[in-house]
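In full-length UniProt numbering, the protein residues as written are 1 to 151.
Written out as structure tokens, the structure reads:
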């Protein structure tokens, strides 16, 4: 996909500012959210969903991905407020997920005093912010879609 987007920027006429358009960016970010949800689902399944909050990363972001892909594929001037809300909720989910993972590391044997082992064996701290990054990229793709240059 990076090559496709690079070619679109390279083929920009002289004198115009090169930019990535919203429709490919929206589709790529939506697919990225789906892949991240699959990974979170697999790893949370391994953790037996022992905490009810573990269901959120496999239920909220797919809705955000579907609404984002619908906005990228759908009509040019559709209402995208729901998509923005779902993407913002997904960004908040990533930040709060990091806090939940930090608590999980603290519950391991030795807690944070044994951080050298528990960082590696406990819930991964860098995993939840991937939802935040993808949600922010999705919001940027929505801004590009609303510029109207894709129509």
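Quick reminder that beta carbons are idealized off the backbone N, C-alpha and C, glycines included.
Small disclaimer: the values here were computed from a predicted structure and weren't measured.
Residues of its chain near residue i, where Cβ-Cβ distance is below 7 Å and the 5 sequence neighbours each way are ignored
i, result
"residue 56", "93"
"residue 69", "26, 27, 30"
"residue 103", "none"
For residue i, the three-state DSSP class (helix, strand or coil)
i, result
"residue 44", "helix"
"residue 60", "helix"
"residue 14", "coil"
"residue 143", "helix"
"residue 66", "helix"
"residue 127", "coil"
"residue 80", "coil"
"residue 53", "helix"
"residue 110", "coil"
"residue 74", "coil"
"residue 94", "helix"
"residue 156", "This structure cannot settle anything about residue 156, because the visible part of the chain is limited to 1 through 151."
"residue 122", "coil"
Beta-carbon spacing of residue i, residue j below 8 Å
i, j, result
"residue 61", "residue 33", "yes"
"residue 58", "residue 37", "yes"
"residue 87", "residue 64", "yes"
"residue 101", "residue 124", "yes"
"residue 128", "residue 106", "no"
"residue 95", "residue 132", "yes"
Pairwise C-alpha distance: residue j and residue i
i, j, result
"residue 47", "residue 41", "10 Å"
"residue 151", "residue 24", "Low local confidence applies: a pLDDT of 45 at residue 151 is under 50, so the model's placement there is unreliable, with the coordinate-based value given in what follows. Straight-line Cα distance between these residues: approximately 13 Å."
"residue 113", "residue 119", "11 Å"
"residue 108", "residue 122", "7 Å"
"residue 81", "residue 110", "45 Å"
"residue 79", "residue 54", "31 Å"
"residue 84", "residue 50", "30 Å"
"residue 145", "residue 137", "12 Å"
"residue 43", "residue 139", "26 Å"
"residue 99", "residue 35", "22 Å"
"residue 52", "residue 39", "18 Å"
Proximal residues to residue i (C-beta, below 6 Å), its chain only, five neighbours per side dropped
i, result
"residue 141", "22, 25, 26, 29"
"residue 135", "87, 90, 91"
"residue 117", "none"
Residues of its chain near residue i, where Cβ-Cβ distance is below 8 Å and the 5 sequence neighbours each way are ignored
i, result
"residue 143", "22"
"residue 115", "105"
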